[in-house]
Amino acid sequence: MLSGNYKQSKNWLKLLSTLARADYCENRPWFILMAYKLSLTSLREEATALRTIHRLILGLCILTFGLMALGSLTRVMGAGLSCPDWPLCYGQIVPHMDQYIFLEWFHRQIATLVGLGTLLLVGLSWYTRPSLPRWIPWFSVLALALVLFQGVLGALTVTQYLRFDIVTAHLGTAMLYFGTLLAAAAALQPLSKGASKVSWLPQVAIGATVVCYGQIILGGLVASQWALNQCLAGSVLCNVMNNHLFGVVPATLAVLLVAFASWRQKGFRWAAFGLLGLLALQIGLGVTTFYLKLSVQGLTVAHLAVGAALFGSLIWLSVLSLRQRALGLSH
Ligand code: HEM
Numbered sequence: 221m222l223s224g225n226y227k228q229s230k231n232w233l234k235l236l237s238t239l240a241r242a243d244y245c246e247n248r249p250w251f252i253l254m255a256y257k258l259s260l261t262s263l264r265e266e267a268t269a270l271r272t273i274h275r276l277i278l279g280l281c282i283l284t285f286g287l288m289a290l291g292s293l294t295r296v297m298g299a300g301l302s303c304p305d306w307p308l309c310y311g312q313i314v315p316h317m318d319q320y321i322f323l324e325w326f327h328r329q330i331a332t333l334v335g336l337g338t339l340l341l342v343g344l345s346w347y348t349r350p351s352l353p354r355w356i357p358w359f360s361v362l363a364l365a366l367v368l369f370q371g372v373l374g375a376l377t378v379t380q381y382l383r384f385d386i387v388t389a390h391l392g393t394a395m396l397y398f399g400t401l402l403a404a405a406a407a408l409q410p411l412s413k414g415a416s417k418v419s420w421l422p423q424v425a426i427g428a429t430v431v432c433y434g435q436i437i438l439g440g441l442v443a444s445q446w447a448l449n450q451c452l453a454g455s456v457l458c459n460v461m462n463n464h465l466f467g468v469v470p471a472t473l474a475v476l477l478v479a480f481a482s483w484r485q486k487g488f489r490w491a492a493f494g495l496l497g498l499l500a501l502q503i504g505l506g507v508t509t510f511y512l513k514l515s516v517q518g519l520t521v522a523h524l525a526v527g528a529a530l531f532g533s534l535i536w537l538s539v540l541s542l543r544q545r546a547l548g549l550s551h
């Protein structure tokens, strides 16, 4: 871990410079022992704090991914307004359930858990900040801002009766929050050993991330307006559907380019296989969803989940390749 290594060397420098004052240490071997022990303790504390934060971020990523899939299921089941009020459901913390109320209610419970997890992340990051890279506490504040904004959009989704622009913004912010967490998790991920020169992989990966995000928003606009059904039934909103279909071309080309760049990059071949697999799956799910006219809800949810996985993989790859390049340049 970049800053961990930096801090380790800083600690060792401090220790060595103290020990270098040999006249002081000459008759005090206990001093050397104490300084050594202190330095080890602080190293251990740093490693523990960093590991805890990294695990918390990864846990939040998994929870957010599940929450997005649950949100999609709530929408395709037509359960979005099953709790007509907010933040309670029929004025109760635990309402009388049917499957629709349960879906909407459960979505809110997991969202609350993500919110509380983010608060914990902020608290922990600021409390242990001397042991962490300087950017982590600020990143945690950004994550909290995004999750609070997401909560406001969630409330508006209900109070504005599933207005399509709010539903789309709700999806877009969820992806941004998910992407921010993933970027931080990738920044804390230990790199594979050995520096290698990284060519244009980071640029194309970042570009593809932006294109893929755009395609997700276009998909959100289709979903939030039920544009497929409306287009097939009465030729209404076909332009919204078509925008998403045309968007497949740049998204596919961008992902293919990243797969090619990863294939050529030492240590990144795994990403080429992963991206090609996710892209093929996503297109297959989209085409099936289209021809089955959303009749199989599981497929529509899977289309969202694989879209999120593709977006997340591109972010992961962008950050890892940027870090690998920085490592290569410093050698
Ligand atoms: C890289 C490629 C693609 C990405 C990243 C992507 C992403 C998305 C996303 C995020 C949604 C919103 C889902 C939701 O809110 O539940 C969506 C909706 C949709 N996508 Fe795609 N998509 C891609 C390709 C395709 C393709 C190739 C097709 C079909 C030919 C397609 C057809 C649809 C349809 C019909 C919807 C609306 C689903 C609904 O109303 O619930 N997509 N897409």
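Sequential numbering from 221 applies to the sequence shown in the numbering used here. C-beta: ideal position from N, C-alpha, C; glycine also. Owing to the predicted nature of the structure, the values given are computational and were not obtained by experimental measurement.
Beta-carbon to beta-carbon, Gly-392 and Ile-437 are separated by about 5 Å, close enough to satisfy the 8 Å threshold. Inter-segment contact for the region 466–476 and the region 428–446 is present: three or more beta-carbon pairs are separated by less than 8 Å. Distances from the CA of Leu-401 to each of Gln-544, Ser-533, Ala-267, Ser-302 were compared; the closest alpha carbon is that of Ser-533. When the five nearest sequence neighbours on each side are left out, the beta carbons in the same chain lying within less than 6 Å of the beta carbon of Cys-309 are those of Cys-303, Pro-315, Trp-325, in order along the chain.
Below 8 Å, too few C-beta pairs join the region 500–511 and the region 364–373 to call them touching: fewer than three.
The beta carbon of Leu-519 sits closer than 8 Å to those of Leu-505, Thr-508, Thr-509, Leu-512, all from its chain and outside the five residues before and after it, given in chain order. DSSP lists no bridge partner for Gln-423.
The C-alpha of Val-361 lies about 45 Å from the C-alpha of Ser-455.
Inclusion of Val-478 and Leu-293 in the CB contact set at 7 Å is not warranted, their separation being larger than that value.
In this structure, the beta-carbon distance from Thr-332 to Ala-363 does not fall below 7 Å. Out of Gly-300, Trp-355, Leu-340, the CA that lies nearest to the CA of Leu-276 is found in Leu-340. Pairing Val-539 with Ala-406 gives a Cβ-Cβ distance under 7 Å. Look at the region 290–367 and you find these whole runs of alpha helix (DSSP H), each 4 residues long or longer: 319–347. Note that the C-beta distance between Thr-379 and Ser-444 is not below 7 Å.
Residue burial is scored here from C-beta neighbours: Ser-412 has fewer than 16 other C-beta atoms within 10 angstroms and is therefore classed as exposed. Counted as a single uninterrupted DSSP element, the alpha helix (DSSP H) harbouring Leu-495 occupies residues 489–511. The ligand HEM has no heavy atom closer than 6 Å to the beta-carbon of Ser-351. Taking all protein chains in view, the Cβ of Ile-282 is surrounded by fewer than 16 other Cβ atoms within 10 Å, so the residue is classified as exposed. Residue Leu-352 holds the alpha-carbon nearest to the alpha-carbon of Leu-408 among Leu-352, Trp-483, Phe-480, Arg-264. In the structure shown, Tyr-381 falls within a coil segment according to DSSP collapsed to helix, strand and coil. Per DSSP, the unbroken alpha helix (DSSP H) holding Val-460 starts and ends at 458–484.
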